[in-house]
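Residue numbers (the numbering used here): 4 to 330. Backbone N, C-alpha and C define an ideal beta-carbon position, used for all residues, glycine too. The block underneath contains the structure these notes are about, expressed in structure tokens.
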């Protein structure tokens, strides 16, 4: 007996709409946490809701959100990138050095971003084509890029005097309420959402993270896709390096230490699975800002850096347990 199967041509659209609604619903607990943190902070410290503090919190967490977005692309495929913080340092040192050499600021920014493709491409080739584990490949790149940053710095940090570059990380818009880097973040967040949710490349990344062997067997360009995500991660680190160098008005090889761990924590807090195949960019940014608000509250309470590390670790473990329970 043969059964007739009717296909509903509208089903893919419905599934996509329901998928978007589900992502928004999953992200809602982070939004609720952020709102709760804001209310709690405003109670314990009247300074929290001041314009200066809010602008500082928003601006200071743009860089971590950008790093978290780059890390999310990598984690989505089941990988990890330990080189991000070192690439941030190398990017800032390179930008400062190019400006110090007399290069026009826009050429210096473009050249820095183009050169930051190289670390990601090397990691991507090592991981995607040579099958080297991501932890090993990116750990090696972390030491290489940090060493290059120190060599290029030649002793002391290089100052930046160019007003146009300084404006990248410090300009405020809309009556001094909106930091310019936030506009950059929103643009990249929307682009990430579009790429991951609507383009074949994004669907391939979810498929690779869900089951890489099945992705190979189905003929997907796994190696090329893996190389692409590490280039994206490297570019996001390069951009953060430029913004930080702009805010600090110098390029320093000391910048970015431990940033990759905070980026991983933000992605995990955003609900992504470290094994890959799950998560969305909106929740990743919410996770980064949740961490940022928690750090700001702890600072207002006078809690120092080392206790903050312990609290962050507890939050990461709790987030991992929540993701595991959801699975």
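Exposed is the label assigned to residue 42, since fewer than 16 other Cβ atoms lie within 10 Å of its Cβ. In the structure shown, residue 161 falls within a strand segment according to DSSP collapsed to helix, strand and coil. With respect to residue 115, residue 243 sits apart: the two C-beta atoms are not nearer than 7 Å. Rounded to whole angstroms, the separation of the alpha carbons of residue 76 and residue 235 is 8 Å. In the structure shown, residue 306 falls within a coil segment according to DSSP collapsed to helix, strand and coil. Contact annotation: the region 189 to 198 does not touch the region 114 to 133, with fewer than three C-beta pairs closer than 8 Å. One alpha carbon belongs to residue 37, the other to residue 154, and they sit about 41 Å apart. For residue 122, the enclosing alpha helix (DSSP H) starts and ends at 120 to 131.
Close CB contacts of residue 217 within its chain, under the 8 Å cut and outside five residues either way in sequence, are with 210 (chain order).
Note that the C-beta distance between residue 126 and residue 146 is not below 7 Å. Around residue 68, the same chain offers 188, 288, 291, 292 as residues with beta carbons nearer than 7 Å, after the five sequence neighbours per side are excluded. Contact check for residue 71 against residue 269 passes: the beta carbons are separated by less than 7 Å.
Between the beta-carbon of residue 225 and that of residue 219 there is about 5 Å, and that keeps the pair under the 8 Å contact cut. Residue 85 sits in coil when the DSSP states are folded into three classes, being neither helix nor strand. Bridge pairing for residue 49: absent [DSSP]. When DSSP assignments are scanned along the region 253 to 317, the uninterrupted stretches of alpha helix (DSSP H) that are 4 or more residues long and fall wholly within it turn out to be 262 to 272, 284 to 303. Close CB contacts of residue 294 within its chain, under the 6 Å cut and outside five residues either way in sequence, are with 269 (chain order). At least 7 Å separates the beta-carbon of residue 256 from that of residue 182. A direct Cα-to-Cα measurement between residue 60 and residue 221 gives close to 45 Å. DSSP links residue 181 through a beta bridge to 176. Linking residue 128 to residue 231 through their CA atoms gives a straight-line distance of about 9 Å.
Using a Cβ distance threshold of 7 Å, residue 91 and residue 195 do not count as a contacting pair. For residue 274 against residue 213, the beta-carbon gap comes to about 15 Å, at or over 8 Å, which does not count as contact.
In this model, residue 52 and residue 311 are separated by some 22 Å (Cα to Cα). Contact annotation: residue 93 and residue 151 have beta-carbon atoms nearer than 7 Å. Within the model, the alpha-carbon separation for residue 144 versus residue 47 is close to 43 Å.
Nearest neighbour of residue 173 by Cα position, chosen from 247, 160, 139, turns out to be 247. Rounded to whole angstroms, the gap between the alpha carbons of residue 103 and residue 124 is 27 Å. Annotation: residue 252 to residue 193 spans about 29 Å, alpha carbon to alpha carbon. Shortest Cα-Cα distance from residue 35 to any of 321, 286, 317, 306 involves 286. Per the C-alpha coordinates, the member of 139, 88, 50, 136 positioned closest to residue 119 is 88.
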